[in-house]
Amino acid sequence: MNRLPEDYQKQMRKLLKEEYPAFIQTYDNPPYRGLRINTLKLSVAEGRQRLPFQLEPVPWCDAGFLYDHDRDRPGKHVDHAAGLYYIQDPSAMAPVEALQPQPGEKILDLCAAPGGKTTQIAAHMKGEGILVANEISKERRKALVENLERCGVTNALILGEDPRHLSTRFTGWFDRILIDAPCSGEGMFRKDPDTRERWSLRSTETAAELQLSILEAAAPMLRPGGKLVYSTCTFNPRENEGVLHRFLQQNPHFTPGQVPQAAHYQPARPDWIDASPALAQAGRLWPHHLKGEGHFVAVLEKREGDEGGRQKPGKLPPVHGDAQRVFKDFLWETLTEDRFPGPFTLFGDHLYQIPGDLPSLKGWVVERPGLYLGQAKRKHFAPSHALALALTSDSVRRKVSFAPEEEHLNQYLRGETLPTAGDPGWTLVTVEGFPLGWGKVSNGLLKNHYPKWLRRDLI
Ligand SMILES: C[S@@+](CC[C@H](N)C(=O)[O-])C[C@H]1O[C@@H](n2cnc3c(N)ncnc32)[C@H](O)[C@@H]1O
C-alpha cells in the first residue's frame with residue numbers, strides 16, 4: 001500500500017498533538033462501509049427487513065447503515081440495481097443531514113457527481129420541489145445520471161456548468177445549497193490509497209482557492225434566509241476553517257450556523273488558524289472518534305434582506321402534437337393511473353418532464369432538463385429506463401415479478417429474451433415488485449429492454 005506522505009504525517013502530528021497516536025493508528029484498520037436506504041422506494045423499516053445484510057445504524061443519518069464488507073457485497077445484489085439503497089461512506093451522509101432539505105424547496109447541489117448526496121437530498125425532498133444537480137466533469141456526469149435514474153429521482157435538473165456561470169440566472173433562487181467541494185482528500189487516504197499519490201502541500205493550497213471560488217459563486221444564488229452547507233473530505237485547516245474564515249470576511253451577510261447533528265462530531269478547529277470561535281460550530285468527523293472516514297461539515301446562513309430578484313422563467317423547447325399523442329397513447333396503454341402531468345419539453349425526439357419553472361438554460365450544458373421519459377418516435381413511444389425506475393409496480397398494467405434468486409431474473413439482467421405468458425405490450429420487470437427495467441411482450445416472448453451498459457451476471 002502507498003505510504004502516507006511525510007509532509008502529511010508531519011502536519012497531522014503538529015495539529016493533533018496528544019491525539020495523534022490514536023489518529024494514526026486508524027490507518028491499521030479497514031475503512032468503514034455504509035449504505036443508505038433509498039426512502040424514495042421503501043421505508044427504512046421495510047429496507048431493514050428486506051435487505052439480507054448485517055446492518056448497524058449510522059447515528060447521524062436515519063436511513064444510513066454500516067455493513068460488514070467481509071460478509072456482504074451489497075453492490076452486487078439485485079436490490080442495488082433496483083435502487084433500493086445507495087452505497088455511501090457513513091461520514092459522507094453527514095452534509096445532507098446538516099442541510100435538512102424539505103419537500104417543495106428549490107435546492108442546488110453544486111458539485112454533485114457521482115450523486116451520493118444528490119440522491120440523499122432527493123430522498124428528503126420526496127419528489128416535490130426542484131433539485132438542481134450540477135457537475136462540471138463530463139465523465140463524472142455519466143455516473144450522476146445513472147445513479148439518479150437508478151434511485152428513481154423524478155425532480156432533478158442536471159447541469160454541467162462552471163459554478164460561476166450559474167449565478168447570473170439563479171440569483172436568490174435557492175432555499176438551500178450544498179457545496180460538497182473538490183478537496184485534497186486527506187479523509188479518504190485510508191479508503192482510497194490512490195488519493196495519497198495526488199496529495200501535496202501545494203494541492204491543499206490549490207484546493208482551498210478553488211473551494212473559495214465555488215463558495216463565492218454560490219453565495220448570490222441563495223435566497224436571503226436560506227441555508228448553505230459546505231463540506232469536504234479532508235482534514236486540512238487551510239481548506240475547511242481557512243476557507244470559511246476567508247469567505248465570511250468577504251461576505252458578512254453570511255453567518256456560521258450550528259450543524260444539527262454536532263453531538264456526533266468533534267467541533268471544528270478555528271484555533272488552528274486563529275479564526276473566530278464561531279467557526280467551531282462546524283463539525284469535524286474523525287476516524288478515531290467515529291465509525292467513518294474523515295469529513296468536514298459547515299452550515300452557513302444568509303441573513304434576511306430584500307436582495308434577490310425574481311427571474312422570469314425561461315422557455316424550453318415545446319412538445320409538438322405528434323410527440324404528445326404517442327406519449328399519451330403509451331401512458332394510456334401502460335399505466336393504470338394518471339401520472340406525469342408535465343410540464344414537458346422535447347430535446348430532439350427525447351421527451352422530459354421538467355420539475356417546475358426554470359430560468360433560461362440557453363447556452364448551458366444541460367445533461368437532463370428533468371426526468372427523461374423516453375423517445376417520441378413518429379408512430380410510437382419508447383419509454384426510458386429512467387421512467388421504469390421512477391414507477392411503482394401497482395401503477396402499471398403489465399408486470400412480471402422475479403425473486404432475487406430466480407434464474408429468470410439473472411437472465412433478464414444479462415439481457416436475454418425470456419418466455420412469457422403475459423399480455424403483449426410494454427411490461428415492467430421487477431424484483432418482488434421493485435422495478436428493474438422494461439421488457440416488451442409479443443408472441444409469447446419478453447423482449448429485453450434492460451440497458452446494454454447495465455447488463456451483467458449476478459454472482
Ligand atoms: C467531493 S466530489 C463530489 C461528491 C458528490 N457530492 C457525492 O456525494 O457523490 C467533488 C466534485 O466537484 C467537482 N469539481 C471539480 N472542479 C470543480 C469546479 N471548479 N467547480 C465545481 N465542481 C468541481 C468534481 O468533478 C467532483 O465531482
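For the sequence shown, position 35 (counting from the first letter as 1) is numbered 35 according to this note's numbering, and the numbering increases by one without interruption.
A virtual CB, placed ideally from N, CA and C, is assigned to each residue, including glycine.
Please read all numbers here as calculations on a predicted model, not as lab measurements.
Rounded straight-line distance, which links the Cα of residue j to that of residue i
{"i": "P52", "j": "F344", "result": "39 Å"}
{"i": "L418", "j": "L436", "result": "15 Å"}
{"i": "L223", "j": "R398", "result": "It is worth fixing the name first, because residue 223 is Arg in this sequence and not Leu. Near 45 Å, if we compare the C-alpha coordinates of R398 and R223."}
{"i": "R33", "j": "E56", "result": "10 Å"}
{"i": "L409", "j": "R36", "result": "24 Å"}
{"i": "P490", "j": "A278", "result": "Outside the shown range of the chain (1 to 459) lies residue 490, about which nothing can therefore be said."}
{"i": "F347", "j": "F402", "result": "35 Å"}
{"i": "T336", "j": "V396", "result": "5 Å"}
{"i": "T334", "j": "K117", "result": "32 Å"}
{"i": "L215", "j": "D162", "result": "12 Å"}
{"i": "G64", "j": "I107", "result": "21 Å"}
{"i": "D180", "j": "L391", "result": "29 Å"}
{"i": "E407", "j": "G422", "result": "18 Å"}
{"i": "D79", "j": "G370", "result": "25 Å"}
{"i": "H449", "j": "R339", "result": "22 Å"}
{"i": "E97", "j": "C61", "result": "7 Å"}
{"i": "T195", "j": "E186", "result": "8 Å"}
{"i": "G129", "j": "G172", "result": "16 Å"}
{"i": "Q49", "j": "P59", "result": "19 Å"}
{"i": "E416", "j": "E146", "result": "21 Å"}
{"i": "L4", "j": "M12", "result": "11 Å"}
{"i": "E197", "j": "M188", "result": "12 Å"}
{"i": "W438", "j": "G356", "result": "27 Å"}
{"i": "K10", "j": "T234", "result": "16 Å"}
{"i": "P474", "j": "Q54", "result": "A question about residue 474 goes unanswered here, because the residues of the chain that appear run from 1 up to 459."}
{"i": "W364", "j": "T168", "result": "12 Å"}
{"i": "P318", "j": "L285", "result": "47 Å"}
{"i": "D271", "j": "R176", "result": "28 Å"}
{"i": "Q375", "j": "P424", "result": "20 Å"}
Boundaries (first-last residue) of the beta strand (DSSP E) holding residue i
{"i": "P108", "result": "The question names Pro, yet the displayed sequence has Leu at residue 108. Segment K106 to D109, the beta strand (DSSP E) holding L108."}
{"i": "T204", "result": "Premise fails: T204 lies in the alpha helix (DSSP H), L201 to A218, not in any beta strand (DSSP E)."}
{"i": "F347", "result": "F344 to F347"}
{"i": "R368", "result": "V366 to R368"}
{"i": "F254", "result": "F254 to G257"}
{"i": "T420", "result": "It is not in any beta strand (DSSP E) - T420 carries neither H nor E in the DSSP assignment."}
{"i": "V431", "result": "G425 to V431"}
{"i": "D175", "result": "F174 to D180"}
{"i": "I460", "result": "Lying outside 1 to 459, the shown extent of the chain, residue 460 is not represented and no answer is given."}
{"i": "V396", "result": "That residue, V396, is in no beta strand (DSSP E); it is neither H nor E in DSSP."}
Extent of the continuous alpha helix (DSSP H) to which residue i belongs
{"i": "D329", "result": "G321 to T334"}
{"i": "Y265", "result": "No alpha helix (DSSP H) contains Y265, which DSSP labels as neither H nor E."}
{"i": "G68", "result": "With the sequence shown as reference, residue 68 is identified as Asp, and Gly is not the correct amino acid for it. It is not in any alpha helix (DSSP H) - D68 carries neither H nor E in the DSSP assignment."}
{"i": "H165", "result": "P163 to L166"}
{"i": "P359", "result": "Premise fails: P359 is in no alpha helix (DSSP H) and is neither H nor E."}
{"i": "T118", "result": "G116 to M125"}
{"i": "D242", "result": "First, the residue type needs correcting, since residue 242 is Gly and not Asp in the sequence shown. Per DSSP, G242 belongs to the alpha helix (DSSP H) from N240 to Q250."}
Beta carbon proximity, residue i to chain B, threshold 9 Å
{"i": "K10", "result": "You won't find chain B in this structure, because it holds only one protein chain."}
Contact under 9 Å by Cβ, residue i with residue j
{"i": "A156", "j": "L178", "result": "no"}
{"i": "L300", "j": "F247", "result": "yes"}
{"i": "M125", "j": "Q100", "result": "no"}
{"i": "F381", "j": "L351", "result": "yes"}
{"i": "R467", "j": "Y27", "result": "This structure does not reach residue 467, given that the chain is present from 1 up to 459, and the question cannot be answered."}
{"i": "S184", "j": "E239", "result": "yes"}
{"i": "A94", "j": "H295", "result": "yes"}
{"i": "Y265", "j": "V297", "result": "yes"}
{"i": "G292", "j": "P90", "result": "yes"}
{"i": "T469", "j": "Q250", "result": "Given a span of 1 to 459 for the chain in the structure shown, any question on residue 469 remains unanswerable."}
{"i": "L144", "j": "I158", "result": "yes"}
{"i": "L454", "j": "L413", "result": "yes"}
{"i": "E367", "j": "E139", "result": "no"}
{"i": "G104", "j": "C151", "result": "no"}
{"i": "L84", "j": "G47", "result": "yes"}
{"i": "M221", "j": "F170", "result": "yes"}
{"i": "H77", "j": "L458", "result": "yes"}
**Request:** Check whether the stretch 252-264 touches the stretch 321-333, taking contact to mean three or more Cβ pairs, one atom from each stretch, closer than 8 Å.
**Result:** no
**Request:** Count the C-beta pairs between the stretch 35-49 and the stretch 192-206 that are closer than 8 Å, then say yes if the count reaches three, no if not.
**Result:** no
**Request:** Decide if the stretch 284-302 is in contact with the stretch 213-233; the criterion is three or more beta carbon pairs, one per stretch, under 8 Å apart.
**Result:** yes
**Item:** Sequence ranges, beta strand (DSSP E) only - wholly within the stretch 279-305, length at least 3
**Value:** 283-285 and 295-302
**Asked** What runs of the alpha helix (DSSP H), each 4 residues or longer, lie entirely inside the stretch 30-89?
**Response** 44-50 and 78-81
**Message:** My parser needs the alpha helix (DSSP H) runs of 4 or more residues fully inside the stretch 127-155; what are they?
**Reply:** 138-150
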